[in-house]
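Colleague: Residues in the sequence shown are numbered from 1 upward in steps of one, following UniProt numbering. We put the beta carbon where it would ideally sit given N, CA and C, even for glycine. Since we're looking at a predicted model, the values are computed, not measured.
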Amino acid sequence: MRCESVVCVWSHATPPLQRITAVASFSDPPSLFTGGSNGSIIWWKLSPSKDDHHQHQQELWPMAMLCGHASAIAGLSVCKPIVGHAESQSTDPAIPHDSTIALMSACADGVLCVWSRSTGHCRRRRKLPPWVGSPFKMSVLPASPRYVCIACSSADSMHTHLDDIRTPLIPSIPMMTRNLITVGTLSGLLSSSIHAV
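1) Give me the Cα-Cα distance between L128 and W44, rounded to the nearest whole angstrom.
2) What would DSSP say about P130, mapped onto helix, strand or coil?
3) Which residue or residues does DSSP assign as beta-bridge partners of A64?
4) Which residues bound the beta strand (DSSP E) around G110?
5) Which of the three DSSP states, helix, strand or coil, is assigned to I101?
6) Starting from L76, trace the beta strand (DSSP E) both ways and give me its first and last residue.
7) Bridge partners for G120 per DSSP, in chain order?
8) I need the DSSP call for A70, collapsed to helix, strand or coil.
9) Is A74 closer than 7 Å to A108 when the C-beta atoms are compared?
10) On the criterion of 16 or more Cβ atoms from any shown chain inside 10 Å, does V114 qualify as buried, or is it exposed?
11) Residues bridged to R125 by DSSP?
12) What are the boundary residues of the beta strand (DSSP E) that includes L17?
13) Restricting to Cα atoms, I'd like to know which of C67, R124, L76, S27 is closest to K137.
14) Residues in its own chain within less than 7 Å of R19 by CB, not counting five upstream and five downstream?
15) Short of 6 Å in beta carbon distance, which residues of its chain neighbour S25, apart from the five on each side in sequence? Order them along the chain.
16) For P29 and S118, what's the separation of their Cα atoms in angstroms?
17) Please report the distance separating the alpha-carbon of R123 from that of H69.
18) Could you pull out every residue in the same chain whose Cβ sits closer than 7 Å to the Cβ of L46, ignoring the five residues on either side in sequence?
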């Protein structure tokens, strides 16, 4: 599935207000990404304060809105996709040497996106199978930053049997099912293995 890029312009350099549901940051260049309840991801630039009294504080400036999700952002994670030889050689001096680092996002309806850190474009998009449930937490594996673990949950219905007709009707009791997904990124592609927990 191809991801479209969207350019947003805000008055007074202020993006729309939303409840923040996920956060990720990069150190070089210093930037912050916030995921919101409306499905958008805001890319913030961190810059040193120009005020002499607040020299050790950072100022936040909105750079772009990344649009690729239709429901609340459940998680953001920094990952290192493996790129092919031709993709890894860049002649653009503006792109840092570690341009292979990317942002991965997951939303509540099970859509995963891998975003280019240097451009903010969606490199790859994938929908998880419906039976894994809704993502609620994600984290990169420290030993291998190419892999990201995504925890999902779903509510199944467990019905009780009525042995006696005189027993009052018992409503179905929701039971939580949890799944753990390991996602590997290779040349922007998403491959996964899913394990029930």
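Modeller: The relevant details are as follows:
1) Numbered from 1 along the sequence shown, position 128 holds the residue referred to as residue 128. Numbered from 1 along the sequence shown, position 44 holds the residue referred to as residue 44. If I take the Cα positions, the gap works out to 28 Å.
2) In the sequence shown, the residue the question calls residue 130 occupies position 130. In the three-state DSSP reduction, P130 falls in the helix class (H, G or I).
3) The residue given as residue 64 occupies position 64 in the sequence shown. Per DSSP, W43.
4) Numbered from 1 along the sequence shown, position 110 holds the residue referred to as residue 110. In this chain, G110 is not harboured by any beta strand (DSSP E), its DSSP state being neither H nor E.
5) In the sequence shown, counting from the first residue as 1, residue 101 sits at position 101. Looking at I101 - three-state DSSP - the assignment turns out to be coil, as it is neither helix nor strand.
6) Numbered from its first residue, the sequence shown carries residue 76 at position 76. Following the DSSP letters along the chain, one finds L76 inside the beta strand (DSSP E) bounded by residues 73-79.
7) Taking the first residue of the sequence shown as position 1, residue 120 is located at position 120. Paired residues: none, contrary to the question.
8) What you label residue 70 is simply residue 70 of the sequence shown in a count that begins at 1. For A70, the secondary structure class from DSSP, reduced to helix, strand or coil, is coil.
9) In the sequence shown, counting from the first residue as 1, residue 108 sits at position 108. In the sequence shown, counting from the first residue as 1, residue 74 sits at position 74. By the CB criterion at 7 Å, A108 and A74 fall inside the cutoff.
10) Your numbering for residue 114 matches position 114 in the sequence shown. By the 10 Å Cβ count, V114 comes out buried.
11) Translated into positions along the sequence shown, residue 125 becomes position 125. Note: R125 is bridge-paired with C113 in the DSSP secondary-structure output.
12) For the purposes of this step, residue 17 is taken as residue 17 along the sequence shown, with counting starting at 1. Neither: L17 is in no beta strand (DSSP E) and is coded neither H nor E.
13) Locating residue 137 in the sequence shown gives position 137, counting from the first residue. Check the Cα spacing between K137 and each of C67, R124, L76, S27: the tightest is with L76.
14) Along the sequence shown, one-based indexing puts residue 19 at 19. By the criterion of a C-beta distance shorter than 7 Å, R19 is surrounded in its chain by G36, S37, once the five residues flanking it on both sides are discounted.
15) Numbered from its first residue, the sequence shown carries residue 25 at position 25. Closer than 6 Å at Cβ, skipping near neighbours: L32.
16) Residue 29 sits at position 29 when you count from the first residue of the sequence shown. Residue 118 sits at position 118 when you count from the first residue of the sequence shown. Straight-line spacing of the CA atoms in P29 and S118 works out to 10 Å.
17) Taking the sequence shown and counting its residues from 1, one reaches residue 123 at position 123. Taking the sequence shown and counting its residues from 1, one reaches residue 69 at position 69. Those two C-alpha atoms are separated by around 14 Å.
18) Sequence index remark: in the sequence shown, residue 46 carries index 46 (1-based). Closer than 7 Å at the Cβ level, and outside the excluded window around L46, lie P30, S31, L32, Q58, L60.
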